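Below: one structure, written as structure tokens.
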Amino acid sequence: MNILKDKELIPKLVTFKLAKKRLIQAPKPVTLTFSITSACQSLCKTCNIGLVYQKNPSMAKDDLTLEEIEKMFKNIGHVYFFNISGGEPFLRKEIVEIVQLACKHMNPRVIHTPTNALTPKLIEKKTGEILRWMKENGFENVPFTIKPSYDGVGKDHDEVRGVKGNFEKLMETYNLLKNLQKTYPNLKLGLGTVISNYNIDKVKEIVDFAYTLEPDTYINEVAENRTEMWNEKDNITPSAEKYRQAIEYFAEKTRNDMKKKKGISRAMYAFRLVYYDLVVDILKRKTQVIQCYGGITNVHINARGEIWPCCVLGYSKPMGNLRDYNFDFKKVWHSQQAKDVRKFVHEKKCACPLANQSYSNIMLHTPSLFRVLRHTFF
């Protein structure tokens, strides 16, 4: 799947630029992130979703029902990237049915989900059911990527994630999913590290161990204060200089890996290198270094149907709730409230290095895209 040559995706870039200049209404986004549950059993130092849920488990009763989710997906229609989020996605008992509905009504080109890896057997079972259904219903060529969270080696991981024995369960989950790949080649297994003040001094150890596992992808992002995570006042984000020093080892590994790749795989590694540099700039300058297309290219829908431009602004800048609009996505997307949120982003009243959004921003920023091409071909 060559994104840089995609006949569906590339023409949309023009409409996104026009929408950014407010010459046309915002087109339908290409990336949908949907938090399918409020539930989470982790107590991460970098995220308070689990803490908030465990203090009030009844909050999950207000999550969208399966019937509401189907209505939402039907109304949204086709999206390119479908990111499942949470809470912990595998705690949603209907996760299999949700993926089925997404495939039927939105026909995504890529499906992705993270996991805290605390329920290895359940994750294996549900993933197997999803992949079997995809194979039997003509979606066997759609990549289904799972990215277990990995924030340290051994007890260090448990300490950051707030659950004793989490690292052992991470390894069990990883091995179970690795075995599933033998049957389902569209299953892509990655690892994701959040670099925070709690693990930044051990990045080399973390990276080296990850490489021994030979994941299909291994990416990192910097810990952020996000309204979604209820951590706005927590001191979790490293300084620009500390992050720059830590990420250099990661970038060196990425450059070495890229030499072994060809085509789109090589380009994706190049995107990461440009992203790492961008994060340093944003942390240092504390402003939008390149224009942000949050609420244009990407959308986040939380577990209760609230539409956000991103998970960072989230609760502080909602665009509207689908339940209030009979699940008419376009009405919310083109509402005055949504336009006001886009104006807030356009005026650079926010700045963050959110990975999901940053990759879209890079594609729409010509100098950054040229840097991607330079890394790819030279």
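Positions 6 to 383 (our numbering) are the ones given, in order, by the sequence shown. Glycine residues also receive a C-beta, built at the ideal position from the N, C-alpha and C atoms. These numbers come from a predicted model, not from an experiment.
Evaluate the contact criterion for the segment 31 to 47 versus the segment 370 to 380: three or more CB pairs, one atom per stretch, below 8 Å. Contact between the segment 31 to 47 and the segment 370 to 380 is absent, because fewer than three Cβ pairs lie under 8 Å.
In terms of residues, what are the limits of the beta strand (DSSP E) holding Lys-152? Locating residue 152 in the sequence shown gives position 147, counting from the first residue. Note, Lys-152: beta strand (DSSP E), 149 to 153.
For the beta strand (DSSP E) that Pro-119 lies in, which residues bound it at each end? By 1-based counting over the sequence shown, the position of residue 119 is 114. Run containing Pro-119: 115 to 120, per the beta strand (DSSP E) assignment.
From this set, Cys-316, Arg-379, Ala-308 and Cys-355, which residue's C-alpha is nearest Leu-69's C-alpha? The residue labelled residue 69 in the question sits at position 64 within the sequence shown. The shortest Cα separation from Leu-69 among Cys-316, Arg-379, Ala-308 and Cys-355 belongs to Ala-308.
Contact set for Phe-78: own chain, Cβ-Cβ below 7 Å, skip 5 residues either direction: What you label residue 78 is simply residue 73 of the sequence shown in a count that begins at 1. For Phe-78, where only same-chain residues beyond five positions count, the Cβ hits under 7 Å are Leu-106, Ala-107, His-110 and Met-111.
Neighbour flag for Pro-153 against chain C, beta carbons, 8 Å: The structure shown has no chain C; it contains just one protein chain.
With distances taken Cα to Cα, identify the nearest neighbour of Ile-205 among Tyr-179, Tyr-189, Tyr-223 and Ala-245. For the purposes of this step, residue 205 is taken as the residue at position 200 of the sequence shown. Residue Ala-245 is the option with its Cα nearest to Ile-205.
Close-in-space but distant-in-sequence residues of the same chain around Leu-181 (CB under 8 Å, 5 per side omitted): Position 176 of the sequence shown holds residue 181. So the list reads Pro-125, Lys-126, Ile-128 and Glu-129, once near-sequence residues are dropped.
What are the boundary residues of the beta strand (DSSP E) that includes Lys-193? Locating residue 193 in the sequence shown gives position 188, where the first residue counts as 1. In the DSSP annotation of this structure, the continuous segment of the beta strand (DSSP E) that includes Lys-193 starts and ends at 192 to 200.
Closer than 7 Å to a non-hydrogen atom of the ligand NAP - does that hold for the CB of Lys-267? Although the ligand NAP was asked about, the structure shown includes no ligands whatsoever.
Residue range of the unbroken beta strand (DSSP E) whose run includes Val-168: Counted from its first residue, the sequence shown places residue 168 at position 163. That residue, Val-168, is in no beta strand (DSSP E); it is neither H nor E in DSSP.
Between Glu-99 and Phe-332, which are expected to be in contact by the criterion C-beta below 8 Å, what is the C-beta distance as a whole number of angstroms? The residue given as residue 99 occupies position 94 in the sequence shown. The residue given as residue 332 occupies position 327 in the sequence shown. With 8 Å as the limit, Glu-99 and Phe-332 do not qualify as a contact, their Cβ atoms being about 17 Å apart.
What is the DSSP secondary structure of Asn-331, reduced to helix, strand or coil? The residue you call residue 331 lines up with position 326 of the sequence shown. In the three-state DSSP reduction, Asn-331 falls in the coil class, being neither helix nor strand.
Considering only the alpha carbon of each residue, which of Phe-86, Asp-239, Leu-318 and Asn-261 lies closest to Lys-353? As a working mapping, residue 353 is identified with position 348 in the sequence shown. Of the residues Phe-86, Asp-239, Leu-318 and Asn-261, the one whose Cα lies closest to the Cα of Lys-353 is Leu-318.
Reference Lys-264, options Ile-295, Gly-299, Val-19 and Phe-383, closest by Cα: Against the sequence shown, residue 264 aligns to sequence position 259. Among Ile-295, Gly-299, Val-19 and Phe-383, the Cα nearest to that of Lys-264 belongs to Phe-383.
I'd like the span of the beta strand (DSSP E) that includes Asn-361, first residue to last. Translated into positions along the sequence shown, residue 361 becomes position 356. Here Asn-361 belongs to no beta strand (DSSP E); instead the alpha helix (DSSP H) covers 360 to 368.
Give the straight-line distance between the Cα atoms of Gly-325 and Thr-51, rounded to the nearest whole angstrom. Start at 1 with the first residue of the sequence shown, and residue 325 comes out as number 320. Start at 1 with the first residue of the sequence shown, and residue 51 comes out as number 46. Rounded to whole angstroms, Gly-325 to Thr-51 spans 27 Å at the Cα level.
When Leu-278, Arg-166, Asn-240 and Val-19 are compared against Thr-120, the one with the closest alpha-carbon: By 1-based counting over the sequence shown, the position of residue 120 is 115. It is Arg-166 whose Cα lies nearest to the Cα of Thr-120.
If you drop the 5 nearest sequence neighbours on each side, which residues of the same chain put their C-beta closer than 7 Å to that of Lys-76? For this step, residue 76 is matched to residue 71 along the sequence shown. Cβ neighbours of Lys-76 within its own chain (closer than 7 Å, five residues either side excluded): Phe-332.
Are Asn-366 and Ile-295 close, meaning C-beta to C-beta below 8 Å? Along the sequence shown, read from residue 1 onward, the residue named residue 366 stands at position 361. Along the sequence shown, read from residue 1 onward, the residue named residue 295 stands at position 290. Yes; because the gap between Cβ atoms is below 8 Å, this pair is in contact.
Opposite Leu-37 in the DSSP bridges: which residues? Locating residue 37 in the sequence shown gives position 32, where the first residue counts as 1. Per DSSP, the beta-bridge partners of Leu-37 are Phe-87 and Val-304.
Rounded separation between Met-139 and Ile-116 - CA only: In the sequence shown, counting from the first residue as 1, residue 139 sits at position 134. In the sequence shown, counting from the first residue as 1, residue 116 sits at position 111. If I take the Cα positions, the gap works out to 11 Å.
Along the beta strand (DSSP E) that carries Thr-371, what are the first and last residues, could you check? Taking the sequence shown and counting its residues from 1, one reaches residue 371 at position 366. Segment 371 to 382 is the alpha helix (DSSP H) holding Thr-371; no beta strand (DSSP E) there.
From Ile-306, Leu-278 and Asp-345, residue whose alpha carbon lies closest to that of Thr-381: Sequence index remark: in the sequence shown, residue 381 carries index 376 (1-based). For Thr-381, the closest alpha carbon among the candidates Ile-306, Leu-278 and Asp-345 is that of Leu-278.
Can you grab the Cα-Cα spacing for the pair Lys-247 / Lys-336, in whole Å? Along the sequence shown, one-based indexing puts residue 247 at 242. Along the sequence shown, one-based indexing puts residue 336 at 331. Between the C-alpha atoms of Lys-247 and Lys-336 there is a straight-line separation of about 44 Å.
So, helix, strand or coil for Thr-51, using DSSP? Locating residue 51 in the sequence shown gives position 46, counting from the first residue. Residue state for Thr-51 is assigned as coil, using DSSP reduced to three classes.
So what does Gly-325 bridge to, in DSSP terms? Looking up residue 325 in the sequence shown gives position 320. Answer is Ile-312, bridged to Gly-325.
So, is Asp-156 buried or exposed, given that buried needs 16 or more other C-beta atoms within 10 angstroms? Mapped onto the sequence shown, residue 156 falls at position 151. Buried, because 16 or more other Cβ atoms sit within 10 Å of the Cβ of Asp-156.
Can you tell which of Val-304, Pro-243, Lys-25 and Tyr-320 has its C-alpha closest to the C-alpha of Phe-334? The count along the sequence shown starts at 1 and reaches residue 334 at position 329. Among Val-304, Pro-243, Lys-25 and Tyr-320, the Cα nearest to that of Phe-334 belongs to Val-304.
So what does DSSP say about Asn-180, is it helix, strand or coil? Residue mapping note: residue 180 aligns to position 175 of the sequence shown, counting from 1. If DSSP states are grouped into helix, strand and coil, Asn-180 belongs with the helices.
With a threshold of 16 other CB atoms inside 10 Å of the CB of Ser-201, please say whether the residue is buried or exposed. The sequence position of residue 201 within the sequence shown is 196, counting from 1. Result: buried.
Apply the 10 Å Cβ neighbour rule to Thr-132 and answer buried if 16 or more other Cβ atoms are within range, or exposed otherwise. Position 127 of the sequence shown, counted from the start, is the residue given in the question as residue 132. Burial call: buried.
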